[in-house]
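Step one of this worksheet: look at the structure below.
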Amino acid sequence: MSKYKIAHVKEQGQQMIIIPLDSSFHHKTSDEQSGIKNALQSCASSAGLAGTVVPVWLHGGSMYFIAPQPWHPFFRTLSWNAVISSLNKELTCG
């Protein structure tokens, strides 16, 4: 079982499930990253959480994310500290 601290928030009228991940996520292939994101989305849906999973991670002092294109301006203005301070739930995935 993996446990993730998440920020389940509503921004710009959209339900977002923001999941901070380890910096090693940066070094995975885009297919691996997509697979992990999809598995987290399935886990969140199974847990009854509404919204779109957005993985975020730090690399080289910058925050990276995988989000729908219309959300990019919002995530570009979001700091890592803002994400961490917004953590409000825990998601357990088997």
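Reminder that position 85 of the sequence shown reads as 72 in the numbering used here, one-by-one numbering, no gaps.
C-beta atoms are modelled at their ideal positions from N, C-alpha and C, and glycine is treated no differently.
Note that this is a predicted model, so its numbers are computed, not measured.
{"query": "Can you grab the Cα-Cα spacing for the pair Gly38 / Trp67, in whole Å?", "result": "20 Å"}
{"query": "Where DSSP assigns a beta bridge to Pro42, which residues make up the other side?", "result": "Ile6"}
{"query": "Within this structure, are the beta carbons of Trp44 and Asp9 separated by less than 9 Å?", "result": "yes"}
{"query": "Count the other C-beta atoms from every protein chain shown that fall within 10 angstroms of the C-beta of Met3, then say buried if there are 16 or more, exposed otherwise.", "result": "buried"}
{"query": "Per DSSP, Val(-4) is paired with what?", "result": "Met3"}
{"query": "Per the contact definition of three or more C-beta pairs closer than 8 Å, is the region -10 to 2 in contact with the region 69 to 80?", "result": "yes"}
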